[in-house]
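Student: Take a look at this one; I'll ask things after.
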Amino acid sequence: MSDTMDRFRISDGAARQIAAILAAEPPGSALRVEVLAGGCNGFQYKFDLTRQIAEDDIIIERDGTRVAIDPASLDLLEGAELDYKDTLMGAYFAVGNPNAKTSCGCGTSFSVD
Numbered sequence: 439m440s441d442t443m444d445r446f447r448i449s450d451g452a453a454r455q456i457a458a459i460l461a462a463e464p465p466g467s468a469l470r471v472e473v474l475a476g477g478c479n480g481f482q483y484k485f486d487l488t489r490q491i492a493e494d495d496i497i498i499e500r501d502g503t504r505v506a507i508d509p510a511s512l513d514l515l516e517g518a519e520l521d522y523k524d525t526l527m528g529a530y531f532a533v534g535n536p537n538a539k540t541s542c543g544c545g546t547s548f549s550v551d
C-alpha cells in the first residue's frame with residue numbers, strides 16, 4: 439500500500455471532499471481517476487464515481503476514502519498528487535503531476551515527452 443501511495447498521493451483536502459461525496463453513494467463506491475487520450479495537449483484527466491472495480495485497478499485508500507486508478511493511467515500519474523481546490527472561480531479536483539511537461543489553462547489537459 440505505501441508503495442502505491444508513494445506513486446500517487448491524495449491531499450488532506452481531496453480526502454475530505456472524496457469522503458463527503460462517497461458518503462452519499464452506495465457502499466463500495468470509489469472515485470475513479472483516469473488519464474485519457476485527448477484534450478488540448480494530448481492527455482486529459484477524467485474523474486468519475488464508480489462501483490465497478492476492475493481486477494487490475496489499483497485502489498488507494500486514505501482516511502476512509504477510495505480512489506481507483508487503472509495501471510496505464512497510474513504510469514502517467516507517477517508521483518502525482520490529487521488535490522481539491524475551492525476558489526472564487528469554482529471548486530474542483532486538481533492533479534499536481536510532475537510528468538506533465540505542458541498543460542492547458544483549464545488544468546485538465548497535459549502532455550508528456
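Residues in the sequence shown are numbered consecutively from 439, following our numbering.
Where a beta carbon is used, it is the ideal one built from N, C-alpha and C, also for glycine.
1. Rounded to a whole number of angstroms, what is the C-alpha to C-alpha distance between residue 515 and residue 482?
2. What separation, rounded to the nearest whole angstrom, lies between the Cα atoms of residue 462 and residue 532?
3. Using the C-alpha atoms, what's the distance from residue 466 back to residue 526?
4. In this structure, does DSSP put residue 496 in helix, strand or coil?
5. Rounded to the nearest angstrom, what separates residue 537 and residue 447 at their Cα positions?
6. Hey, would you say residue 452 sits closer than 7 Å to residue 524, going by beta carbons?
7. Given this structure, state the Cα-to-Cα distance separating residue 440 from residue 499, to the nearest angstrom.
Tutor: Reading off the structure:
1. Residue mapping note: residue 515 aligns to position 77 of the sequence shown, counting from 1. Residue mapping note: residue 482 aligns to position 44 of the sequence shown, counting from 1. When rounded, the distance between both Cα atoms is 11 Å.
2. The count along the sequence shown starts at 1 and reaches residue 462 at position 24. The count along the sequence shown starts at 1 and reaches residue 532 at position 94. Cα-Cα distance, rounded: 22 Å.
3. Position 88 of the sequence shown holds residue 526. Position 28 of the sequence shown holds residue 466. Answer to the nearest angstrom: the Cα atoms are 33 Å apart.
4. Here residue 496 corresponds to residue number 58 of the sequence shown, with the count starting at 1. Reduced to three states, the DSSP call for residue 496 is strand.
5. To locate residue 537, count along the sequence shown from 1; it is residue 99. To locate residue 447, count along the sequence shown from 1; it is residue 9. Cα to Cα, residue 537 sits roughly 14 Å from residue 447.
6. In the sequence shown, counting from the first residue as 1, residue 452 sits at position 14. In the sequence shown, counting from the first residue as 1, residue 524 sits at position 86. No.
7. Counted from its first residue, the sequence shown places residue 440 at position 2. Counted from its first residue, the sequence shown places residue 499 at position 61. Bear in mind that the predicted position of residue 440 carries a pLDDT of just 47, short of 50, making it too unreliable to give a figure here.
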